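Below: the structure, in structure tokens.
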Amino acid sequence: MNYYLIGMMGSGKTTIGNLLSKELDHNFFDIDQIIEKNYKTTISNFFEIYGEKKFRDSESSMLKKLNGGIISCGGGIILNNDNISFMKDNGICILLKASTKTLKSRLNGNNSRPLLKQYKDKTKIDKIWKERREKYLYAADYEFNTDQKTPVQIASKIIETIFL
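In my numbering, the protein residues as written are 15 to 178.
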């Protein structure tokens, strides 16, 4: 079974995915980290060198190769409707939500996010959320708010809700 963690950058997908993986003894895959390893560069550099389209294509390709575990998806995975269909057909989508205020706080000073790099005040987060909100909600089988909760609390709630 595949458990796809979806949500905005900074929502906690990688951190919570690692916790779930350890607690449930499941494989953990982080699509961004796999792309970085395969191309021997950061996601930010990947965007600069190859562009967003090639990144999204690589992301979609990797999504379809991974099977059997907790899969942390890039924040934009839901921009491709085929990706949403694939995830819904092949597993359970878990949306990690956070307010844009929380996301801004978590991402403050983080220059490794290519879509935010040029926006020092992080106003782009509001725009990205508005553009993606409906797709996230459509894709999600479950939603968990990560505001004012620790990663351990969130992982525990996911386990209690989905796995017990």
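Every residue gets a Cβ at the ideal spot worked out from N, C-alpha and C, and that includes glycine. Just so you know, these numbers come straight off a predicted model, no measurement behind them.
Would the beta-carbon of Gly24 fall within 7 Å of that of Thr160?
-> no
Return the Cβ separation of Cys107 and Ala153 in integer angstroms, given the expectation that the two are a contact with Cβ distance under 8 Å.
-> 5 Å
With C-beta atoms as the reference, is Ile98 less than 7 Å away from Leu34?
-> no
Min CB distance Ile173 to chain B below 7 Å = Of the protein chains in this structure there is only one, and it is not chain B.
Please report the Cβ distance between Tyr156 and Ile20, rounded to the nearest whole angstrom; I am assuming they are in contact, meaning their Cβ atoms lie under 8 Å.
-> Actually they are not in contact, since the Cβ atoms of Tyr156 and Ile20 sit about 10 Å apart, beyond 8 Å.
Assess, as a yes-or-no matter, whether the region 61–72 is touched by the region 109–122 under the definition of 3 or more beta carbon pairs within less than 8 Å.
-> no
Would you mind reading off the limits of the beta strand (DSSP E) that contains Glu157?
-> 156–159
Is it buried or exposed for Asn16, if we count other Cβ within 10 angstroms and need 16 for buried?
-> buried
Using alpha carbons as the reference points, say which of Ile173, Asn41, Asp103, Glu37 lies closest to Gly82.
-> Asn41
Verify whether the separation of the beta carbon atoms of Thr28 and Ser75 is less than 7 Å.
-> no
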